[in-house]
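In order, the protein sequence lines correspond to chains P and R.
Taken in order, the first sequence gives residues 14 to 146; the numbers are from the working numbering.
Taken in order, the second sequence gives residues 14 to 146; the numbers are from the working numbering.
Glycine included, C-beta positions come from ideal geometry on N, C-alpha and C.
Predicted model only: the values in this text are computed from it and were never measured.
Written below as structure tokens is the structure these notes are about.
Protein chains: 2
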Amino acid sequence: MMIGELSRRTGVPTRLLRYYEEQDLLHPDRAVNGYRDYGETDVRDVQQIRGLLDSGLTTEMIRAILPYLSGPDEIHLPPQCLTPQTAALLRGEIDRIQARIDCLARNRDRLRAYLTVVQPVVQPVVQTKGEDL
Amino acid sequence: MMIGELSRRTGVPTRLLRYYEEQDLLHPDRAVNGYRDYGETDVRDVQQIRGLLDSGLTTEMIRAILPYLSGPDEIHLPPQCLTPQTAALLRGEIDRIQARIDCLARNRDRLRAYLTVVQPVVQPVVQTKGEDL
DNA sequence: CCTTGCCTTCACACTGATGTGAGGGTTTCA
DNA sequence: TGAAACCCTCACATCAGTGTGAAGGCAAGG
Numbered sequence: 014m015m016i017g018e019l020s021r022r023t024g025v026p027t028r029l030l031r032y033y034e035e036q037d038l039l040h041p042d043r044a045v046n047g048y049r050d051y052g053e054t055d056v057r058d059v060q061q062i063r064g065l066l067d068s069g070l071t072t073e074m075i076r077a078i079l080p081y082l083s084g085p086d087e088i089h090l091p092p093q094c095l096t097p098q099t100a101a102l103l104r105g106e107i108d109r110i111q112a113r114i115d116c117l118a119r120n121r122d123r124l125r126a127y128l129t130v131v132q133p134v135v136q137p138v139v140q141t142k143g144e145d146l
Numbered sequence: 014m015m016i017g018e019l020s021r022r023t024g025v026p027t028r029l030l031r032y033y034e035e036q037d038l039l040h041p042d043r044a045v046n047g048y049r050d051y052g053e054t055d056v057r058d059v060q061q062i063r064g065l066l067d068s069g070l071t072t073e074m075i076r077a078i079l080p081y082l083s084g085p086d087e088i089h090l091p092p093q094c095l096t097p098q099t100a101a102l103l104r105g106e107i108d109r110i111q112a113r114i115d116c117l118a119r120n121r122d123r124l125r126a127y128l129t130v131v132q133p134v135v136q137p138v139v140q141t142k143g144e145d146l
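What follows is the structure, encoded as structure tokens:
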């Protein structure tokens with residue numbers, strides 16, 4: 014499919030799809046006329062990229078792990094592709110993701126705690142006539 | 014305390030402390046000579062700010078909620094200071110953080126699954142004399 | 001007094017992720 | 001043939017968060 018369709022199907026502007034290619038996250042084929050030619054799997058990949066970017070990962074990290082996230086269930090890479098170095102790299106990325114999760118969870122908890130302290134109970138509705146906000 | 018000490022105690026460069034002030038997140042007093050004069054609570058505030066920034070909140074959001082977060086345990090502001098809008102905003106942010114956590118956890122699990130499939134068992138320890146990692 | 005090490009403001013610059021538009025080719029359809 | 005709707009590259013702009021350095025004031029100590 015061409016870039017416009019991928020954009021429509023993912024909701025991601027074409028500008029970003031080109032940017033992700035520039036960042037080596039997507040590798041569409043090129044048609045004879047030079048148009049990018051995306052495959053079906055790119056839809057999922059793009060959503061994956063968006064989610065990870067939004068979660069605070071850099072394109073660099075995503076570039077490192079994306080190949081191993083591609084298949085939903087099926088692993089297509091033969092085991093010997095996983096060199097010790099790659100395995101170590103993956104473990105490192107997992108750790109970093111975990112650290113990020115911890116950080117986010119911590120701050121989520123802080124915000125939640127605050128919210129419950131300050132608003133212990135959701136006010137049913139206004140019972141006085143004044144609007145004091 | 015002066016900016017240098019706060020910087021040392023929080024690990025945040027002075028440049029950023031000034032930036033946060035410019036963004037209306039910190040409000041140090043000024044000594045007669047013009048030096049910024051921070052209080053003890055600012056240490057916690059700065060860490061708070063760092064965490065929230067790192068969690069993807071903008072300075073604008075933080076500015077909106079920080080006044081309510083200042084006390085470590087004690088909330089001294091009356092609850093009506095938190096407008097319903099701000100509360101909603103806060104809940105929205107919490108939800109978004111949660112979504113990020115979910116996304117990251119999902120992908121972390123995938124990477125782990127990939128590793129365990131491809132490397133079903135962690136080699137106990139080196140039993141041969143080579144160090145190959 | 002002079003150096004050293006704080007502090008001040010100002011300001012330019014970079015990065016990553018994005019928006020936006022110019023200038024131009026291609027395909028399709030009327 | 002011409003307009004519409006695609007596509008291309010290039011490039012400048014924005015935004016938040018930072019780095020960095022210049023130019024200078026203040027304080028303490030030899």
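Measuring only the C-alpha atoms, how far is residue i from residue j?
i	j	result
R:Thr23	R:Pro41	15 Å
P:Leu79	P:Glu35	15 Å
P:Ile121	R:Ile107	The sequence given here places Arg at residue 121 of chain P; Ile does not occur at that position. Spanning the two alpha carbons is a distance of roughly 6 Å.
P:Gly105	R:Asn46	48 Å
R:Tyr127	P:Tyr81	7 Å
R:Tyr33	R:Leu65	13 Å
R:Thr72	R:Leu117	23 Å
P:Thr54	P:Met14	11 Å
P:Gln98	R:Val130	17 Å
P:Leu124	R:Gly52	23 Å
P:Gln57	R:Arg119	One point to set straight first is that residue 57 of chain P is Arg, not Gln, in the sequence displayed. So the two alpha carbons sit approximately 14 Å from each other.
P:Ala112	P:Leu39	26 Å
R:Thr96	R:Asp37	19 Å
R:Arg31	P:Arg21	43 Å
With DSSP collapsed to three states, give me the class of residue i.
i	result
P:Asp42	strand
P:Asp122	helix
P:Asp55	helix
P:Asp50	strand
P:Thr129	helix
R:Thr71	coil
R:Gln36	coil
P:Gly24	coil
P:Thr99	helix
P:Tyr82	The sequence given here places Leu at residue 82 of chain P; Tyr does not occur at that position. Looking at P:Leu82 - three-state DSSP - the assignment turns out to be coil, as it is neither helix nor strand.
Among the residues of its own chain, which have a CB less than 7 Å from the CB of residue i, if the five just before and after it don't count?
i	result
R:Glu18	none
P:Arg43	Arg49 and Asp50
R:Arg63	Val25
Give every residue of the same chain whose Cβ lies closer than 6 Å to the Cβ of residue i, excluding the five residues on either side of it in the sequence, and list them in chain order.
i	result
R:Ile110	Ser68
R:Val25	Val59
Looking only at its chain, what residues have a beta carbon closer than 8 Å to the beta carbon of residue i, apart from the 5 residues adjacent to it on each side?
i	result
P:Ile114	none
R:Met74	Leu65, Leu102 and Glu106
R:Arg28	none
P:Arg76	Gln36, Asp37 and Leu38
- Message: By the 7 Å beta-carbon criterion, what residues does the region 54-75 of chain R contribute toward chain P?
- Response: Gly64, Leu65, Asp67, Ser68 and Gly69
- Taking any Cβ of chain P, which residues in the region 105-128 of chain R have a Cβ under 7 Å from it, in chain order? Glu106, Ile107, Ile110, Gln111, Arg113, Ile114, Cys116, Leu117, Ala118, Asn120, Arg121, Arg123, Leu124, Arg125, Tyr127 and Leu128
- Query: Mind listing which residues of the region 15-35 of chain P have their C-beta closer than 8 Å to chain R's C-betas, in chain order?
  - Reply: none
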